[in-house]
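Below is one structure, written out as structure tokens; the observations come after it.
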Amino acid sequence: MKKFAIIFLSFFLLCCSADNDEPIKQISVKFSFTHNWDGTSVDAGDFEEFNFENQKGNKISIERLRYLISRINLIKSNNDTIKFDGYKLVTLDTLENNLIHELPETISEGIYNLSFTFGFDDNDNISGAYPDLNTANWEVAAEKPGGYHFLQLEGKFKDSVGADNPYLYHTIKAYNSANDSLKDTSFKLNLGSISLKNNATVEIQMNIAEWFKNPHAWDLNERSVDLMMNFDAQLDMSDNGKNVFRLGGVTE
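Okay, so the sequence shown: first residue is 620 according to this note's numbering, each after it adds one.
Shown next as structure tokens:
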């Protein structure tokens with residue numbers, strides 16, 4: 620009996636050792652950026668038509684949507700963080716779609732919290748530093764605040780008398796010409812937990828309606844163009860942007 624117990628214990632330890640020696644799977648991760656208006660899917664086929672109405676009752680069309688995210692982080696349960704210092708210019712318009720971003724390195728399977736920065740923070744927002752963004756006309760032309768755009772959302776709206784007028788909802792670092800001061804309007808978002816076991820595509824959803832809604836209901840009759848040099852408008856747009864993104868599904 621004693622001999623049998625020793626054999627059983629040896630077999631059990633051998634099995635445990637084999638389990639512990641099993642390599643952790645390395646997987647690739649892509650992010651797919653999708654867009655909606657309060658739950659109704661939006662793609663380039665919906666552009667240039669007055670298909671949307673914001674909280675203030677402005678009927679609007681969309682003709683271009685581009686935005687930049689940077690510094691994607693995947694945070695483990697023990698707070699160890701995998702940091703990716705690159706950036707992605709997401710583009711949705713009738714001429715070009717650029718909606719997929721693949722991480723440059725594989726990661727270990729596991730459960731992670733996903734975070735990223737919308738725009739560039741002050742450390743990254745350096746005028747002329749990114750040739751591909753310069754080619755994409757993403758740089759801010761004005762010396763102050765300089766740096767790069769965070770968002771370009773453009774189209775037309777029906778004004779108070781029903782005429783078509785343009786809107787240029789552009790976000791950048793805020794500049795206050797009254798006292799010659801700058802304020803970083805980028806922001807970091809934590810979208811929540813994702814479980815990754817195999818090569819995966821993670822959906823990140825943008826609700827475009829939120830840019831005009833929460834916490835600042837946006838009336839395009841009052842603020843539609845020349846927003847880049849409007850300090851208060853930039854602060855309000857940054858506030859609204861914090862409610863725009865949600866984590867969608869994971870496809871493996």
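Where a beta carbon is used, it is the ideal one built from N, C-alpha and C, also for glycine. Just so it is clear, the structure is predicted and the values come from calculations on it, not from any experiment.
When DSSP builds the beta bridges, which residues end up paired with residue i?
i, result
"G729", "L815"
"F652", "I823"
"E758", "Y767"
"D783", "K777"
"K807", "T736"
"K678", "E672"
"I646", "I726"
"L772", "L684, Y788"
"G716", "Note that residue 716 is Asn in the sequence shown, not Gly. Answer by DSSP bridge pairing, in chain order: L711."
"S660", "N655"
Could you tell me whether any Cβ in chain C is nearer than 8 Å to the Cβ of residue i?
i, result
"F806", "Absent from the structure: chain C. Only one protein chain is present."
Can you tell me whether residue i is buried or exposed? The criterion is at least 16 other CB atoms within 10 Å of its CB, across all chains shown.
i, result
"P785", "exposed"
"V780", "exposed"
"P764", "buried"
"G664", "exposed"
"S857", "buried"
"T713", "exposed"
"T790", "buried"
"A828", "buried"
"K702", "exposed"
"F698", "The sequence shown places Asn at residue 698, rather than the Phe named in the question. Burial call: exposed."
"I726", "buried"
"I719", "exposed"
"S660", "exposed"
"I691", "buried"
"S812", "exposed"
"I823", "buried"
"A760", "exposed"
"S923", "Given a span of 620 to 871 for the chain in the structure shown, any question on residue 923 remains unanswerable."
"L632", "Unreliable placement is indicated for L632, whose pLDDT of 46 sits below 50; the coordinate value is still reported in the next sentence. L632 is exposed by the Cβ-count criterion."
"G774", "buried"
For the beta strand (DSSP E) holding residue i, just list the boundary residues, first then last.
i, result
"G705", "700 to 712"
"N795", "793 to 795"
"L693", "683 to 694"
"S800", "800 to 802"
"I719", "719 to 721"
Answer yes or no: the CB of residue i versus the heavy atoms of the ligand ATP, is any distance below 7 Å?
i, result
"N849", "Among the components of this structure there are no ligands whatsoever, and the ligand ATP is therefore not found."
With C-beta atoms as the reference, is residue i less than 8 Å away from residue j?
i, j, result
"Q674", "A836", "yes"
"T754", "T820", "no"
"D741", "D783", "no"
"K695", "Y749", "no"
"E728", "L866", "no"
"M825", "F669", "no"
"L711", "H768", "no"
"L708", "N716", "no"
"Y788", "W757", "no"
"N859", "N817", "no"
"N840", "D778", "yes"
"G766", "N744", "yes"
"Q771", "R685", "yes"
"G747", "P723", "no"
"D838", "N677", "yes"
"E762", "S647", "no"
Would you give the residue range spanned by the alpha helix (DSSP H) that residue i belongs to?
i, result
"F864", "From DSSP, F864 is part of no alpha helix (DSSP H) but of the beta strand (DSSP E) over 864 to 870."
"M856", "850 to 860"
Legend entry - the stretch 733 to 753 / the stretch 805 to 823 touching (three or more Cβ pairs under 8 Å): yes
Inset, instruction - For the stretch 671 to 690 and the stretch 846 to 853, state whether three or more C-beta atom pairs, one from each stretch, are separated by less than 8 Å. - result: no
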